[in-house]
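S.K.: As you go down the protein sequences, you meet chains A and B in turn. First residue of the first sequence? That's 2 in the working numbering, and the numbers climb one at a time after it. First residue of the second sequence? That's 14 in the working numbering, and the numbers climb one at a time after it. I have a structure here, written as structure tokens, and I will follow up with some questions on it.
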Amino acid sequence: MRNIWTIFKREIRQYFVSPIAYLVAFAVLLLLGLSFNTDLDYRVANQLRPDATLVLSNFAFLMVFFAPLLTMRLFAEEAREGTLELLMTMPTRDVDLVIGKFLGAWVYYCVLLALTLVFEGALLSITNFGPEGFPLRSRVDIGQIIAAYIGIFLYGGATIAIGLMFSAMTENQIVAAFLSMAVLLMLWVGDIAGLVPASILSTEVVEALRVISLQSHYSSSFLRGLIVLEDMYFYIAIMVVSLFVTTRLVESRRWR
Amino acid sequence: MIEVQGLVKRFGDFTALNHISFKAEEGEILGFLGPNGAGKTTTMRILTGYMPPTDGQARVAGFDVFEQSLQVRQRIGYLPELVRLYPDMTVRGYVEFVAEMRGLKNRRQRAEEVLEMVGMAHRAKSLIRTLSKGMRQRVGLAQALVHNPPVLILDEPTIGLDPQQVAELRTIIQQLGRQHTIMFSTHVLTEAEQVCDRVVIINRGNIVAEGRPDELREKVQDNTRVFVRIQGRFDEKKLLNMLNTLNGVEKSEAFQGGFVVTAKNNVEIRPSLAKAILEQGLNLLELRPLAITLEDIFLEYTRQ
Numbered sequence: 002m003r004n005i006w007t008i009f010k011r012e013i014r015q016y017f018v019s020p021i022a023y024l025v026a027f028a029v030l031l032l033l034g035l036s037f038n039t040d041l042d043y044r045v046a047n048q049l050r051p052d053a054t055l056v057l058s059n060f061a062f063l064m065v066f067f068a069p070l071l072t073m074r075l076f077a078e079e080a081r082e083g084t085l086e087l088l089m090t091m092p093t094r095d096v097d098l099v100i101g102k103f104l105g106a107w108v109y110y111c112v113l114l115a116l117t118l119v120f121e122g123a124l125l126s127i128t129n130f131g132p133e134g135f136p137l138r139s140r141v142d143i144g145q146i147i148a149a150y151i152g153i154f155l156y157g158g159a160t161i162a163i164g165l166m167f168s169a170m171t172e173n174q175i176v177a178a179f180l181s182m183a184v185l186l187m188l189w190v191g192d193i194a195g196l197v198p199a200s201i202l203s204t205e206v207v208e209a210l211r212v213i214s215l216q217s218h219y220s221s222s223f224l225r226g227l228i229v230l231e232d233m234y235f236y237i238a239i240m241v242v243s244l245f246v247t248t249r250l251v252e253s254r255r256w257r
Numbered sequence: 014m015i016e017v018q019g020l021v022k023r024f025g026d027f028t029a030l031n032h033i034s035f036k037a038e039e040g041e042i043l044g045f046l047g048p049n050g051a052g053k054t055t056t057m058r059i060l061t062g063y064m065p066p067t068d069g070q071a072r073v074a075g076f077d078v079f080e081q082s083l084q085v086r087q088r089i090g091y092l093p094e095l096v097r098l099y100p101d102m103t104v105r106g107y108v109e110f111v112a113e114m115r116g117l118k119n120r121r122q123r124a125e126e127v128l129e130m131v132g133m134a135h136r137a138k139s140l141i142r143t144l145s146k147g148m149r150q151r152v153g154l155a156q157a158l159v160h161n162p163p164v165l166i167l168d169e170p171t172i173g174l175d176p177q178q179v180a181e182l183r184t185i186i187q188q189l190g191r192q193h194t195i196m197f198s199t200h201v202l203t204e205a206e207q208v209c210d211r212v213v214i215i216n217r218g219n220i221v222a223e224g225r226p227d228e229l230r231e232k233v234q235d236n237t238r239v240f241v242r243i244q245g246r247f248d249e250k251k252l253l254n255m256l257n258t259l260n261g262v263e264k265s266e267a268f269q270g271g272f273v274v275t276a277k278n279n280v281e282i283r284p285s286l287a288k289a290i291l292e293q294g295l296n297l298l299e300l301r302p303l304a305i306t307l308e309d310i311f312l313e314y315t316r317q
């Protein structure tokens, strides 16, 4: 337990001195800002209802590409640099090492997620708390926003855990990043497998793809303001399984 | 403190360690000698709990390195061969991080103490990436010492250092040897000779010799060799013939501007040798026993 905290502290500190973490934060904010602005413009011009979760669904999609950049170094860099050897001779269980690193990355993810509150704040300041007579037609549902954040928080844990697993699989950070991007993208697009004609994919396969899709477990529940236990369990299960595999991968280094 | 019994490590078809056994007593400095690829690092990695052995047993401070790995790791300070530290951390930050991993309470104070001990206190606030190799080595030693472990395992601690740094590090190791059991590997023989109480020589995964440096020297020194330097006009062949016929001489050969004469069964040949040379009307410039160094022992044992 104690060592999880020690590792966690080191990792989180590492994010704040690493240029990649800042670049990711910069890119995410920039892209979200652009899409937020365009969307708001469009809705104001067309007298549409504001969409408070658009930023979050975009954030979730961006994380398919950016979460691997946050996790790629966690084990791959240590293995390549050789710092893992000393770490693995400390009186620490391998699972503590994995959990500490996972929590460090997840918390940094949450920092990024917290940055998106800027957009929610901007939206609320012109809707719910905005001046009378502003052209946006209706108020946004704060409960829905809270549920959406819970969902994206859990989704992030799952993507980070998957990224961590690939980081433990190779000593090459680039390979780790691309493998996790590929897998995350496949898991993400599983949701739209339903668009494939039934003559190509049987309904059972489509259903299976949807069940393991990372997107379907937030898009139809959390983003609509629903907290569905089943979907929470799904993300928790992804985390547990990935962290278990990661621990085994780290342990397997000892046997090579 | 360290007990190794029939340790085997295989990597696929390659046998890195082939049933090695040795011991290190409390407070002893054990030198682990061998050419590159002999199995030194593998042995140390097994002892530090980094990798499990294929077969055999190793105990450190009474704990089995595989079954009770965490207890063993808590009692070992380890300096790996390539000291890899986190470049983005400060020296003190890193030592404190290790202290925290080791579960120490007074981390700041302990970090300052060990940095003082290895002479790095003045760079405590520097980033590790800015340090030279020798300095990193010292920080590596500092992190190995931070929890005051009963056993220190140092893998080639002096490699890549300049002569002065090497001398300083050796002094540190010797001082530490009073309170810690130290096992350190090297392929620099003079180092082992100067620093170690006992030496284990390993070659191709087998222990080929073990003992105090002077014991090992005696073992190899089965016949005394004498070095002679002569002044005057002489025919080398004739002189060698003459020397060979002397009582008690096994053989003689030209060597570095003089001759090396080997005696049979440790017979003292120096008086008769001197007399014979003077009788030839030649001047005797030098007559001394050839000292056997650990180098000779090492070559003797690791030949093939």
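In this text, a Cβ means the ideal position worked out from N, Cα and C, and glycines have one as well. All values derive from a computational prediction rather than experimental measurement.
Can you give me the C-alpha to C-alpha distance between Ala287/B and Gln269/B, rounded to a whole angstrom?
M.R.: So the alpha carbons of these two residues sit roughly 19 Å apart.
S.K.: Could you have a look at Asn31/B and say whether DSSP puts it in helix, strand or coil?
M.R.: Three-state result, Asn31/B: strand.
S.K.: For Phe76/B, which residues does DSSP report across the bridge?
M.R.: Phe76/B pairs with Val73/B.
S.K.: Per the DSSP calculation, Gly44/B is bridged to which residue(s)?
M.R.: Gly44/B is bridged to Phe197/B, Val212/B.
S.K.: Starting from Tyr91/B, follow its DSSP beta bridges and name the residues at the other end.
M.R.: Answer by DSSP bridge pairing, in chain order: Ile166/B.
S.K.: Quick one: residues in its chain with C-beta nearer than 8 Å to the C-beta of Met102/B, no 5 flanking neighbours on either side, listed in chain order?
M.R.: Once the five neighbours on either side are set aside, the close Cβ partners of Met102/B are Phe110, Leu140, Ile141.
S.K.: Do Gly147/B and Gln178/B have their C-beta atoms closer together than 8 Å?
M.R.: For Gly147/B and Gln178/B, yes; Cβs fall inside 8 Å.
S.K.: I'd like to know whether the C-beta of Gln15/A is nearer than 8 Å to at least one C-beta of chain B.
M.R.: Chain B, which has a Cβ nearer than 8 Å to the Cβ of Gln15/A, makes this yes.
S.K.: Leaving aside the five residues before and after Gly153/B along the sequence, list all residues of the same chain whose C-beta is less than 6 Å from its C-beta, in chain order.
M.R.: Cβ neighbours of Gly153/B beyond the five flanking positions: Leu92, Val96.
S.K.: Drop a sphere of 10 angstroms on the beta-carbon of His193/B, count the other beta-carbons inside from all chains shown, and report buried for 16 or more, exposed for fewer.
M.R.: That one is buried.
S.K.: Give me the chain B residues within the contact set of Met91/A, using Cβ-Cβ distance strictly less than 8 Å, ordered along the chain.
M.R.: Ordered by position in chain B, the residues that pass the 8 Å Cβ test against Met91/A are Arg86, Val111, Met114, Arg115.
S.K.: Could you compute how far the alpha carbon of Ile127/A sits from the alpha carbon of Ser168/A?
M.R.: Taking the straight line joining both Cα atoms gives about 43 Å.
S.K.: Counting only beta-carbon separations shorter than 8 Å, does Asn38/A have a partner in chain B?
M.R.: Chain B, which has no Cβ nearer than 8 Å to the Cβ of Asn38/A, makes this no.
S.K.: Evaluate Arg121/B with the Cβ neighbour count: other Cβ atoms within 10 Å of its Cβ, from every protein chain shown; 16 or more gives buried, anything less gives exposed.
M.R.: With fewer than 16 other Cβ atoms within 10 Å, it is exposed.
S.K.: For chain A, find out if any of its Cβ atoms is closer than 8 Å to the Cβ of Pro93/B; answer yes or no.
M.R.: Pro93/B counts as touching chain A.
S.K.: How many whole angstroms separate the CB atoms of Phe223/A and Ala149/A, which I take to be in contact at a CB cut-off of 8 Å?
M.R.: Their Cβ separation, rounded to whole angstroms, is 5 Å, which keeps Phe223/A and Ala149/A in contact under 8 Å.
S.K.: Quick one: residues in its chain with C-beta nearer than 8 Å to the C-beta of Glu125/B, no 5 flanking neighbours on either side, listed in chain order?
M.R.: Once the five neighbours on either side are set aside, the close Cβ partners of Glu125/B are Arg105, Ala134, Ala137.
S.K.: Quick one: give me the first and last residue of the alpha helix (DSSP H) that Thr160/A is part of.
M.R.: Unbroken alpha helix (DSSP H) run through Thr160/A: 143 to 170.
S.K.: Please name the residue, chosen from Thr55/B, Gln187/B, Ala289/B, Glu39/B, that lies closest to Leu46/B on a Cα-to-Cα basis.
M.R.: Among Thr55/B, Gln187/B, Ala289/B, Glu39/B, the Cα nearest to that of Leu46/B belongs to Thr55/B.
S.K.: Can you tell me which of the three DSSP states Pro69/A falls into?
M.R.: Helix at Pro69/A.
S.K.: Can you say whether Val190/B is buried or exposed, counting buried as having 16 or more other CB atoms within 10 angstroms of its CB?
M.R.: Here the sequence assigns Gly to residue 190/B, which means Val is not the residue at that position. Under this definition Gly190/B is a buried residue.
S.K.: Just to make sure I have the definition right: I need the residues of chain A whose C-beta is within less than 7 Å of the C-beta of Asp101/B. Which are they?
M.R.: Simply Gln15, Val18.
S.K.: Could you list which residues in chain B have their beta carbon closer than 7 Å to that of Gly83/A, in chain order?
M.R.: Within 7 Å Cβ-Cβ: Leu95, Arg97.
S.K.: Compare the Cα-Cα distances from Gly19/B to each of Lys36/B, Glu292/B, Gly261/B, Val273/B and report the closest residue.
M.R.: Answer by Cα proximity: Lys36/B.
S.K.: Taking CB distances under 8 Å as the criterion, tell me whether Phe211/A reaches chain B.
M.R.: The amino acid at residue 211/A is misidentified as Phe; the sequence shows Arg. No, Arg211/A does not count as interfacial toward chain B.
S.K.: Spell out a yes or no on whether the stretch 176 to 184 of chain A and the stretch 194 to 210 of chain A are touching, meaning 3 or more CB-CB pairs, one atom from each, closer than 8 Å.
M.R.: Because the criterion of three Cβ pairs below 8 Å is not met, the stretch 176 to 184 of chain A and the stretch 194 to 210 of chain A do not touch.
S.K.: Please check the pair Glu263/B and Lys277/B, which I expect to be a contact at CB under 8 Å, by giving their CB distance rounded to whole angstroms.
M.R.: Glu263/B to Lys277/B, Cβ: 5 Å. Contact.
S.K.: Classify Ile59/B as helix, strand or coil using the three-state DSSP reduction.
M.R.: Of the three classes helix, strand and coil, the one that applies to Ile59/B here is helix, per DSSP.
S.K.: Run through chain B and tell me which residues come within less than 8 Å of Asn173/A, C-beta to C-beta.
M.R.: Within chain B, no residue comes near Asn173/A; the closest Cβ sits about 17 Å away, beyond 8 Å.
S.K.: Quick check: the Cα distance between Ser243/A and Phe66/A, rounded to an integer number of angstroms?
M.R.: Approximately 18 Å between the Cα atoms of the pair.
S.K.: When DSSP labels each residue in this structure, what does Lys117/B get in the three-state scheme?
M.R.: In the sequence as displayed, the identity of residue 117/B is Leu instead of Lys. In the structure shown, Leu117/B sits in coil (DSSP, three-state: anything other than H, G, I, E or B).
S.K.: Can we say the stretch 102 to 109 of chain A touches the stretch 164 to 178 of chain A, given the rule of at least three CB pairs closer than 8 Å?
M.R.: Cβ pair count under 8 Å is three or more, so yes.
S.K.: Comparing C-alpha positions only, which one of Gly116/B, Glu129/B, Val127/B sits nearest to Gln84/B?
M.R.: Per the Cα distances, Gly116/B.
S.K.: In three-state DSSP terms, what is Ala51/B?
M.R.: Residue state, collapsed to three classes: coil.
S.K.: Taking only beta-carbon positions, decide if Glu231/A is within less than 8 Å of chain B.
M.R.: So, not an interface residue.
S.K.: Arg3/A touches chain B at which residues, Cβ-Cβ below 7 Å?
M.R.: Near Arg3/A (Cβ distances below 7 Å), the residues of chain B are Gly116.
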